[in-house]
Ligand code: ASP
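Residue numbers (the working numbering): 468 to 784.
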């Protein structure tokens, strides 16, 4: 049986104009390392769930992405992370929101799925569960990143909150942004024909009031079902939540018989655009067909499969 893996490192205003050669190389290396980690699991006969965790953990450990180590700062100057994972073979799911000091939030999401008896844990309760389960923690300094910090300092005294790669602030004119980071996600098809998807993020810079985006919400930012597809989204979460993006793609396939690409195009390039929602998604179906679909200028993305296909790309086509 064959296997496939798709990953993303965020979507937004990603154009050749904002990237120099060093940055391109950093993203290339970061995405390639995650593809190595995820396909390494799949090659050895590991499950789609474990491949998703391996790929996302690798991206979380890399400070150029807005997840795990590189998570953005909230209004209060701390890092609060969200993550989710779903197993398409049995529709099991695990998610966490607003967690702090968890080295790899995707590992905790898998732990919630497998050992909590629940689907979605938040804040201090999720932290308590992590401690009980012996999940690896990291001190605040581990999450400190100068670029991220400067990005937050620029808007912390305002009511603005900010998507990683967006030129314009979500409530007005944007102070200068670095455009260098992004939410991460992966979707995998394993040798047993099972799909899984996961997403991990620090959310939005200067977010407050315990704001949670689409990433950890099953059906919005993350969804997997062997009957249809596995999806991880990235973009302006408020819109992705309202559009129930990932499940909508799955529903169009299941109830209307659309192909993966037909379904993603309707949701991302039509429905979301009409609502004003910027971003994109990565997707795999149960036959190994894959898709990258975004309505923003670019999306950090990659794909590798057992047939030797190997892609890393950033910009729109
Ligand atoms: N979707 C994420 C959120 O709204 C942000 C991102 O994808 O970069 O929290």
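From the three backbone atoms N, C-alpha and C, an ideal C-beta is built for every residue, glycine too.
Just so we're clear, the structure is a prediction, and the values are computed from it rather than from any experiment.
Contact check, residue 651 vs residue 523, beta carbons under 8 Å: Start at 1 with the first residue of the chain shown, and residue 651 comes out as number 184. Start at 1 with the first residue of the chain shown, and residue 523 comes out as number 56. Yes. Within cutoff.
Would residue 546 and residue 567 qualify as a contact pair, given that the criterion is a beta-carbon distance under 8 Å? In the chain shown, the residue the question calls residue 546 occupies position 79. In the chain shown, the residue the question calls residue 567 occupies position 100. It is a contact, given that the beta carbons lie within the stated cut-off.
Which residues in the same chain have their Cβ closer than 6 Å to the Cβ of residue 589, if we skip the five residues on either side of it in sequence? Residue 589 sits at position 122 when you count from the first residue of the chain shown. Excluding sequence neighbours, residue 589 sits near 564, 565.
Tell me whether residue 553 sits in a helix, a strand or coil according to DSSP, three-state version. For the purposes of this step, residue 553 is taken as residue 86 along the chain shown, with counting starting at 1. Here residue 553 sits in strand by DSSP.
Does the segment 486–497 come into contact with the segment 676–683, if we say contact requires no fewer than three beta-carbon pairs (one atom in each stretch) closer than 8 Å? no
Going by beta-carbon coordinates alone, are residue 533 and residue 477 separated by less than 8 Å? Numbered from 1 along the chain shown, position 66 holds the residue referred to as residue 533. Numbered from 1 along the chain shown, position 10 holds the residue referred to as residue 477. Yes.
Identified DSSP bridge partners for residue 629: The residue you call residue 629 lines up with position 162 of the chain shown. Answer is 672, bridged to residue 629.
Quick check: what's the CA-CA separation for residue 624 versus residue 544? As a first step, residue 624 is located in the chain shown; it is residue number 157 there, counting from the start. As a first step, residue 544 is located in the chain shown; it is residue number 77 there, counting from the start. Going by the C-alpha atoms only, they are around 11 Å apart.
Whole angstroms is fine: what's the gap from residue 776's alpha carbon to residue 763's? The sequence position of residue 776 within the chain shown is 309, counting from 1. The sequence position of residue 763 within the chain shown is 296, counting from 1. Straight-line Cα distance between these residues: approximately 25 Å.
Which one of 666, 541, 694 has the shortest CA to CA distance from residue 621? Against the chain shown, residue 621 aligns to sequence position 154. Of 666, 541, 694, the residue nearest in Cα terms is 541.
Are three or more beta carbon pairs between the segment 569–584 and the segment 710–718 nearer than 8 Å? no
For residue 659, count the other beta carbons within 10 Å of its own beta carbon; 16 or more makes it buried, fewer makes it exposed. Which is it? Working through the chain shown from its first residue, we reach residue 659 at position 192. Exposed, by the Cβ-count rule.
If you measure from the CB of residue 762, is any heavy atom of the ligand ASP nearer than 7 Å? Here residue 762 refers to the residue found at position 295 when the chain shown is read from its first residue. No - the ligand ASP has no heavy atom lying nearer than 7 Å to the Cβ of residue 762.
Go ahead and pull the three-state DSSP assignment for residue 730. Mapped onto the chain shown, residue 730 falls at position 263. Three-state DSSP puts residue 730 in a helix.
Quick check on DSSP: helix, strand or coil for residue 611? The count along the chain shown starts at 1 and reaches residue 611 at position 144. Residue state, collapsed to three classes: coil.
C-alpha gap between residue 767 and residue 780, whole angstroms: The residue given as residue 767 occupies position 300 in the chain shown. The residue given as residue 780 occupies position 313 in the chain shown. Their backbone Cα atoms lie some 6 Å apart in a straight line.
What number of angstroms, rounded off, separates the C-alpha of residue 640 from the C-alpha of residue 490? Here residue 640 refers to the residue found at position 173 of the chain shown. Here residue 490 refers to the residue found at position 23 of the chain shown. Confidence at residue 640 is low in this model, with a pLDDT of 32, below 50, so its placement is unreliable and the value that follows should be read with caution. For residue 640 and residue 490, the distance between alpha carbons rounds to 25 Å.
Can you find a heavy atom of the ligand ASP that lies under 7 Å from the Cβ of residue 533? Position 66 of the chain shown holds residue 533. Checking the Cβ of residue 533 against the ligand ASP gives yes.
Got a sec, what are the start and stop residues for the beta strand (DSSP E) residue 779 sits in? Taking the first residue of the chain shown as position 1, residue 779 is located at position 312. 777–782 is the extent of the beta strand (DSSP E) around residue 779.
Tell me whether residue 752 sits in a helix, a strand or coil according to DSSP, three-state version. Here residue 752 refers to the residue found at position 285 when the chain shown is read from its first residue. Strand at residue 752.
If we require 3 or more residues per run, which beta strand (DSSP E) segments fall completely within the segment 688–720? 689–691, 696–702
Can you find at least 3 beta carbon pairs, one from the segment 592–609 and one from the segment 509–528, that sit closer than 8 Å? no
Determine the direct distance from the alpha carbon of residue 657 to that of residue 690, and round the result to whole angstroms. Position 223 of the chain shown, counted from the first residue, corresponds to residue 690. Position 190 of the chain shown, counted from the first residue, corresponds to residue 657. Taking the straight line joining both Cα atoms gives about 16 Å.
Between 705, 470, 752, which lies nearest to residue 719 when the distance is taken from Cα to Cα? Position 252 of the chain shown, counted from the first residue, corresponds to residue 719. Minimum Cα distance to residue 719 is reached at 752.
Residue burial classification, residue 852 (beta-carbon count within 10 angstroms, cutoff 16): Residue 852 is absent from the model: the chain starts at 468 and stops at 784.
List the DSSP bridge partners of residue 589. Sequence index remark: in the chain shown, residue 589 carries index 122 (1-based). Residue 589 is bridged to 564.
Sequence-distant residues of its chain with Cβ nearer than 8 Å to residue 643 (five each side left out): In the chain shown, counting from the first residue as 1, residue 643 sits at position 176. Any reading at residue 643 is ruled out, since the residue's pLDDT is 40, under 50, leaving its predicted position unreliable.
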